[in-house]
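Working notes for the structure below.
Numbering (full-length UniProt numbering), first residue to last: 1 to 143.
Here is the structure:
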């Protein structure tokens, strides 16, 4: 399975936030949508991801006033993205190497979706359950 196929199975809209919105607004949006990361947009183009981890670091550095800072004031770690045709193994490798739990899925400058480590784990568990069921059927048919 590739990244595009996994995104199609999710069928969830990508929640975004503008670079000039506040960190507090990002925290509220994540809480309201029960998600751990938002894609940050500037002029309708994805420029990064803000995650719960980024918010916690900002609070640790700046205290309660961190919520009033704009997202663009956060240190950028680069655009962590992956192409829709990439394999899930490539996505896992990138997540491991970059120490991130979320990746933007982009096709050029076009946002396609967001992929989380949880999405990949859920998919792998589904594949293992299917494999288990097939093996059980084979065993039962043989006996």
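Cβ coordinates follow ideal geometry from the N, Cα and C atoms, glycine included.
Of 121, 18, 38, the smallest CA-CA separation from residue 44 is found for 18. In this structure residue 49 touches residue 38 by the C-beta definition: roughly 7 Å separates them, less than 8 Å. For residue 70, there is no enclosing alpha helix (DSSP H), as DSSP gives it neither H nor E.
The beta carbons of residue 99 and residue 51 sit about 11 Å from each other, so the pair does not count as a contact at 8 Å. Looking at the DSSP output, residue 111 shares a beta bridge with 106.
Residue state for residue 84 is assigned as coil, using DSSP reduced to three classes. Sixteen is the threshold: when 16 or more other Cβ atoms of the shown chains lie within 10 Å of the Cβ of residue 112, as they do, the residue is buried. When C-alpha distances from residue 12 are compared across 121, 72, 143, 116, the shortest belongs to 116.
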